[in-house]
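Remarks on the structure that follows.
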Amino acid sequence: MIRVQRKYKVLKHKTTKEIAEEVNRLIQHEYKDKEGFLFHSSGRWQCLGGLVYCEKESTWVQSMVFIQEEDV
């Protein structure tokens, strides 16, 4: 299997609680195809680096990447 980066997101929220809720929602989501079956390859969101406070915008920032493992 090879790992492929499919998507990238930067989450910005005023509080760490809001960041944590969105991170947990993304991580726990189950990805299925159009017919309701799970994908043959596994994929999930992962945090990329740590949580950072941006003083200029007064927000917390967390970067996330969607990694998918596929058969070659």
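In the working numbering, the protein residues as written are 25 to 96.
Every residue, glycine too, gets a C-beta built ideally from N, C-alpha and C.
Rounded to the nearest whole angstrom, the CA to CA distance from E93 to W69 is 12 angstroms. An exposed status is given to Q52, since fewer than 16 other beta-carbon atoms sit within 10 Å of its beta-carbon.
Contact between V34 and V85 holds, since their C-beta atoms are separated by about 6 angstroms, short of 8 angstroms. Distance check between T40 and each of S82, R27, G67 places S82 closest, using alpha-carbon atoms only.
G73 places its beta carbon less than 8 angstroms from that of S87.
In the displayed model, K38 falls within coil according to three-state DSSP, outside both helix and strand.
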